[in-house]
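The opening position of the sequence shown corresponds to residue 436 in our numbering, with each subsequent residue numbered one higher.
Some notes on the structure that comes next.
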Amino acid sequence: MPSKTKNEKVRSFFVDLCLNFVGGLRALSLYPPQHPETIKKMDNLFERLNRYLAQRPSLAMLFIHGDVVVENSPLPELRDKLVRITKLLEAMKLQRILFRRGLTQAELLGFMQLILPLLKNPEGADLVLARNQGRLPHIQAGALPLEAGPKVSYDEVSSAIQAARDVVLSFSDQLKDLFADIEGPLAPAKLSSAKEITEEIQGMVLGGDMPLKTLIYRRSEDPDPHIHAINVCALSMALGREMEMEESPVLDVGLAALLHDVGWYLPISANFKQTQAITLDERKRQWEHPVLGAEILLATPNMPDLAPVVAYEHHIHYDGTGFPKQERPRDLNFASLITCITNTYDNLRRKRPGSTAHSLKDSLNWMDRKAGTLFHPLVYQCFRALVKAQAEEDL
Ligand SMILES: [Fe+2]
Ligand SMILES: [Fe+2]
């Protein structure tokens with residue numbers, strides 16, 4: 436049958452692509468990048484990816500429990516052949532690589548050079564990948580987000596969690612485009628994409644396609660900054676609703692929350708970060724990102740006023756401490772009080788350079804002690820009510 440032949444052709448193309456991917460890694464591990472053998476292997480890989488991406492916007496490779504899946508096609512024939520590499524990728528928590536249209540040969544080489552030492556030294560590899568996302572505008576690599584907790588296997592996760600994971604995956608791909616190549620004010624297309632994403636997230640939270648339970652209770656340790664932005668956006672809108680805000684201001688809160696860390700996306704330096712250690716550049720960026728973010732958003736035409744305010748204020752505490760340092764006490768915007776809570780919660784639950792992910796219980800215990808200092812006590816009370824309501828829904 437012709438369709439079967441076509442399917443077979445596609446499958447053998449995927450198999451060949453995976454073998455070339457491994458071939459490229461192997462060549463790079465043996466020879467320098469300028470060596471003819473490395474050049475040949477990397478050319479082969481790039482040519483195949485490029486050919487596919489000329490027809491489709493992206494190509495996803497998954498490595499899960501020893502299985503290789505390309506574009507939803509499981510490739511069991513690779514299981515034995517690639518057993519070593521899939522184990523190494525698993526050890527570094529690299530379950531998914533998404534290549535996107537626009538990929539260049541230099542970016543592909545940079546990515547391969549980035550993961551090579553991590554294969555040998557997988558400790559903290561997910562953090563290293565997350566930190567380098569900004570330098571890889573057409574490659575997204577990391578763990579599958581919202582993966583089930585350690586006691587539940589990949590196959591056993593409930594359909595709701597799987598659906599939520601798929602949703603977050605697709606949004607994180609869109610966010611990757613949104614945050615790529617930011618050098619100043621956001622282009623009109625980026626602003627409309629941010630608004631669309633916010634509306635879709637709102638619709639999915641309301642419709643139960645992105646259950647809050649999974650964002651609150653089953654938040655994976657994934658350090659990916661895009662997933663953080665999605666979670667903070669969804670949780671902030673949910674908290675806004677919990678506080679009986681109208682629909683349109685809730686969407687403004689969501690947009691502001693989605694963009695709260697936009698100041699992180701201005702390029703720091705052209706070099707890849709190979710370790711977990713935080714550089715001085717990044718430390719400086721941590722202090723500066725609220726101001727940089729507010730500047731980008733203020734300069735963006737038609738940006739709702741709330742967004743630069745939240746970008747500026749999301750690290751200022753209810754008692755006036757935090758940063759940017761304030762010379763005199765000021766009232767924080769209501770949306771900033773919300774985002775301060777949801778951002779802190781999501782940061783506690785994910786891995787970050789220099790700190791491990793905290794459990795739900797530890798995070799809430801810590802946050803409970805900060806009501807009235809770090810957090811507005813009444814807004815925090817509503818956040819706790821939201822968390823409790825999700826727990827009770829389970830019973
Ligand atoms: Fe931040
Ligand atoms: Fe944040």
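A virtual CB, placed ideally from N, CA and C, is assigned to each residue, including glycine.
Exercise. Got a sec? Which residues, its chain only, sit under 6 Å from Gly755 by beta carbon, not counting five neighbours each side?
Worked result: Indexing the sequence shown from 1 puts residue 755 at position 320. Excluding its 5 nearest sequence neighbours in each direction, Gly755 has C-beta neighbours in its own chain below 6 Å: Gln761, Pro764, listed in chain order.
Exercise. Going by beta carbon distance, what residues of the same chain come within less than 6 Å of Phe614, once the five residues before and after it are set aside?
Worked result: Along the sequence shown, read from residue 1 onward, the residue named residue 614 stands at position 179. Only Tyr700 meet the Cβ criterion.
Exercise. Between which two residues does the alpha helix (DSSP H) containing Leu544 stretch?
Worked result: Within the sequence shown, residue 544 is the residue found at index 109, counting from 1. Leu544 -> alpha helix (DSSP H) spans 540-555.
Exercise. Alpha carbon to alpha carbon, how far is Thr714 from Ala565?
Worked result: Here residue 714 refers to the residue found at position 279 of the sequence shown. Here residue 565 refers to the residue found at position 130 of the sequence shown. Rounded to whole angstroms, the separation of the alpha carbons of Ala565 and Thr714 is 15 Å.
Problem set entry | Contacting residues, own chain, Cβ-Cβ under 7 Å from Val587 (five flanking each side not counted) | Within the sequence shown, numbered from 1, the residue matching residue 587 stands at position 152. Only weak support is given to the placement of Val587: the predicted model assigns it a pLDDT of 39, under 50, and the question is left unresolved by the model.
Exercise. In its own chain, which residues sit with a C-beta less than 6 Å from the C-beta of Leu783, not counting the 5 before and 5 after it?
Worked result: In the sequence shown, the residue the question calls residue 783 occupies position 348. The beta carbon of Leu783 lies closer than 6 Å to those of His793, Ser798 in the same chain, with the five residues before and after it left out.
For this session: Pull up the distance between the alpha-carbon of Tyr815 and that of Asp740, whole angstroms please.
Result: On the sequence shown, residue 815 is found 380 positions in, with the first residue counted as 1. On the sequence shown, residue 740 is found 305 positions in, with the first residue counted as 1. Rounded to the nearest angstrom, the two C-alpha atoms are 24 Å apart.
For this session: With a 10 Å radius around its C-beta and 16 neighbouring C-beta atoms as the bar for buried, classify Leu772 as buried or exposed.
Result: As a working note, residue 772 is residue 337 in the sequence shown. With 16 or more other Cβ atoms from the protein chains shown falling within 10 Å of its own Cβ, Leu772 counts as buried.
Problem set entry | Contacting residues, own chain, Cβ-Cβ under 8 Å from Thr808 (five flanking each side not counted) | Along the sequence shown, read from residue 1 onward, the residue named residue 808 stands at position 373. Beyond the five residues adjoining it in sequence on each side, Thr808 comes within less than 8 Å, by CB distance, of His752, Tyr753, Asp754, Thr756 in the same chain, given in chain order.
Problem set entry | Counted within 10 angstroms of its Cβ, other Cβ atoms place Asn800 as buried (16 or more) or exposed | Position 365 of the sequence shown, counted from the start, is the residue given in the question as residue 800. That one is exposed.
For this session: Output the residue ranges of the beta strand (DSSP E) runs that lie fully inside the stretch 599-639 and measure 3 residues or longer, sorted by chain position.
Result: Taken in chain order, the complete beta strand (DSSP E) segments of 3 or more residues contained in the stretch 599-639 number zero; there are none.
For this session: Give every residue of the same chain whose Cβ lies closer than 6 Å to the Cβ of Met527, excluding the five residues on either side of it in the sequence, and list them in chain order.
Result: Numbered from 1 along the sequence shown, position 92 holds the residue referred to as residue 527. Answer for Met527: Leu553, Pro557, Ala560, listed in chain order.
Exercise. Where are the alpha helix (DSSP H) runs, 4 residues long or more, that stay fully inside the stretch 646-716, in chain order?
Worked result: The alpha helix (DSSP H) runs of length 4 or more contained entirely in the stretch 646-716 are, from start to end of the chain, 647-651, 660-677, 682-693.
For this session: Verify whether the separation of the beta carbon atoms of Arg785 and Glu656 is less than 8 Å.
Result: The residue labelled residue 785 in the question sits at position 350 within the sequence shown. The residue labelled residue 656 in the question sits at position 221 within the sequence shown. It is a contact, given that the beta carbons lie within the stated cut-off.
Exercise. When the Cα of Gln490 is compared with those of Ala578, Phe534, Arg787, Leu641, which residue comes out closest?
Worked result: The residue given as residue 490 occupies position 55 in the sequence shown. Residue Phe534 holds the alpha-carbon nearest to the alpha-carbon of Gln490 among Ala578, Phe534, Arg787, Leu641.
Exercise. Which of the three DSSP states, helix, strand or coil, is assigned to Leu510?
Worked result: Taking the first residue of the sequence shown as 1, we reach residue 510 at position 75. Coil, per DSSP.
Exercise. What number of angstroms, rounded off, separates the C-alpha of Ile636 from the C-alpha of Ile665?
Worked result: As a first step, residue 636 is located in the sequence shown; it is residue number 201 there, counting from the start. As a first step, residue 665 is located in the sequence shown; it is residue number 230 there, counting from the start. A straight-line Cα-Cα distance of about 8 Å links Ile636 and Ile665.
Exercise. Does the stretch 540-547 come close enough to the stretch 632-649 that 3 or more CB-CB pairs lie under 8 Å?
Worked result: Under the three-pair Cβ rule at 8 Å, the stretch 632-649 does not count as touching the stretch 540-547.
For this session: Work out the CA separation of Leu795 and Val685 for me, nearest whole Å.
Result: Stepping through the sequence shown from its first residue, residue 685 is reached at position 250. Stepping through the sequence shown from its first residue, residue 795 is reached at position 360. Answer to the nearest angstrom: the Cα atoms are 25 Å apart.
For this session: Reducing DSSP to helix, strand and coil, say where Asp502 ends up.
Result: Indexing the sequence shown from 1 puts residue 502 at position 67. Reduced to three states, the DSSP call for Asp502 is strand.
For this session: Have a look at Arg446 and Gly698 and give me their C-alpha separation to the nearest angstrom.
Result: In the sequence shown, counting from the first residue as 1, residue 446 sits at position 11. In the sequence shown, counting from the first residue as 1, residue 698 sits at position 263. CA-to-CA, the gap between Arg446 and Gly698 works out to about 42 Å.
For this session: Measure the alpha-carbon distance for Pro623 versus Pro736 and round it to whole angstroms.
Result: By 1-based counting over the sequence shown, the position of residue 623 is 188. By 1-based counting over the sequence shown, the position of residue 736 is 301. Roughly 8 Å between the two C-alpha positions.
Exercise. Is the stretch 449-461 close to the stretch 498-509, with three or more CB pairs under 8 Å?
Worked result: Touching, yes.
For this session: Take Val563 and list the residues in its own chain whose beta-carbon comes closer than 8 Å to its own, dropping the five residues that flank it on each side.
Result: As a first step, residue 563 is located in the sequence shown; it is residue number 128 there, counting from the start. So the qualifying residues of the chain are Leu549, Leu553, Lys708, Gln709, Thr710, Gln711.
Exercise. Does the Cβ-Cβ distance between Ile499 and Pro620 come in under 8 Å?
Worked result: Translated into the one-based positions of the sequence shown, residue 499 becomes position 64. Translated into the one-based positions of the sequence shown, residue 620 becomes position 185. No, they are not a contact pair.
Exercise. Among the residues of its own chain, which have a CB less than 6 Å from the CB of Lys879, if the five just before and after it don't count?
Worked result: Residue coverage of the chain in this structure runs from 436 to 830, which leaves residue 879 outside it and unanswerable.
Problem set entry | Same chain, Cβ closer than 7 Å to Gly789, five either side skipped, listed in chain order | Your numbering for residue 789 matches position 354 in the sequence shown. For Gly789, where only same-chain residues beyond five positions count, the Cβ hits under 7 Å are Ile713.
Exercise. So is His470 buried or exposed if we call it buried at 16+ other beta carbons inside 10 Å?
Worked result: Working through the sequence shown from its first residue, we reach residue 470 at position 35. Exposed, since its Cβ has fewer than 16 Cβ neighbours within 10 Å.
Exercise. Near Leu463, what residues of its chain come up, given a Cβ to Cβ distance below 7 Å and the 5 sequence neighbours on each side ignored?
Worked result: For the purposes of this step, residue 463 is taken as residue 28 along the sequence shown, with counting starting at 1. Hits under 7 Å: Thr473, Met547, Gln548, Leu551.
Exercise. Under the rule that 16 or more other beta-carbon atoms within 10 Å means buried, what is Leu821, buried or exposed?
Worked result: The residue given as residue 821 occupies position 386 in the sequence shown. So Leu821 ends up on the buried side.
Exercise. Just the Cα atoms here: how many angstroms apart are Gly458 and Asn778?
Worked result: Position 23 of the sequence shown holds residue 458. Position 343 of the sequence shown holds residue 778. The alpha-carbon atoms of Gly458 and Asn778 are separated by roughly 41 Å.
Exercise. Using a threshold of 7 Å, is the CB atom of Val697 nearer than that to any non-hydrogen atom of ligand 2?
Worked result: Along the sequence shown, read from residue 1 onward, the residue named residue 697 stands at position 262. With a cut-off of 7 Å, the C-beta of Val697 is classified as distant from ligand 2, since no heavy atom of the ligand falls inside that distance.
For this session: Could you check if Asn567 is buried or exposed, using at least 16 other CB atoms within 10 Å of its CB as the buried criterion?
Result: Translated into the one-based positions of the sequence shown, residue 567 becomes position 132. Note on Asn567: 16 or more other CB atoms within 10 angstroms of its CB, so buried under the neighbour-count rule.
Exercise. To which residues of the same chain is Ala729 closer than 6 Å at the C-beta, ignoring the five residues directly before and after it?
Worked result: In the sequence shown, counting from the first residue as 1, residue 729 sits at position 294. Result list for Ala729: Pro743, Ala746, Tyr747, in chain order.
Problem set entry | Assigned secondary structure, Phe810 (DSSP; H/G/I helix, E/B strand, else coil) | Here residue 810 refers to the residue found at position 375 when the sequence shown is read from its first residue. The answer is strand: DSSP assigns Phe810 an E or B state.
For this session: Verify the CB distance criterion: does Asp515 have a CB-CB separation below 8 Å to chain D?
Result: Note that chain D does not occur in the displayed structure, where there is just one protein chain.
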